[in-house]
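Q: Numbering (this note's numbering), first residue to last: 66 to 184. For each residue, glycine too, the CB sits at the ideal point set by N, CA and C. Have a look at the structure that comes next, please.
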């Protein structure tokens, strides 16, 4: 399964408005929970619990925060970019920056993602 099959422009925020890790996570959770019936606080709690175990900043300016909770009945994926680096614990110690920073709209972000998936 490709990421583009799970992600839609409606689940992409370009740019995110938050400037810190907590704000970014809250903004993404609000986007994920919208229309999916999940209580935002429970979804955020699952993500924060996962972050305590091991930070999800994977390096190269990318973080993949995630969590598992029974309040969402299915896999939900959201994405976003920030205009400036966000302090975030990462493997390489670099701040998190979206590699899709040139995308100015959710639709453009999605198009770039789809193009990257083509072999």
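Within 10 Å of its beta-carbon, does residue 78 have 16 or more other beta-carbons around it, so buried, or fewer, so exposed?
A: Its Cβ being crowded by 16 or more others within 10 Å, residue 78 is buried.
Q: May I ask which residues mark the beginning and end of the beta strand (DSSP E) holding residue 88?
A: Looking at the DSSP string, residue 88 is not in any beta strand (DSSP E); the run it does join, the alpha helix (DSSP H), is 86-98.
Q: Around the C-beta of residue 163, are 16 or more other C-beta atoms found within 10 angstroms, so that it is buried, or is it exposed?
A: Since pLDDT at residue 163 reaches only 49, below the 50 mark, its modelled position is unreliable, and the value read off the structure follows with that caveat. Residue 163 is buried by the Cβ-count criterion.
Q: So residue 142 and residue 76 are in contact, right, with Cβ under 8 Å, and what is the actual spacing, rounded?
A: Going by Cβ atoms, the distance from residue 142 to residue 76 rounds to 7 Å, so yes, they are a contact pair.
Q: Looking at the strands, I want to know which residues DSSP matches up with residue 79.
A: Note: residue 79 sits in no beta bridge, so no partner.
Q: State the CB to CB distance for the pair residue 148 and residue 80, rounded to an integer number of angstroms; the pair is presumed to be in contact (CB under 8 Å).
A: At roughly 5 Å, the Cβ-Cβ gap stays under 8 Å, so residue 148 and residue 80 are in contact.
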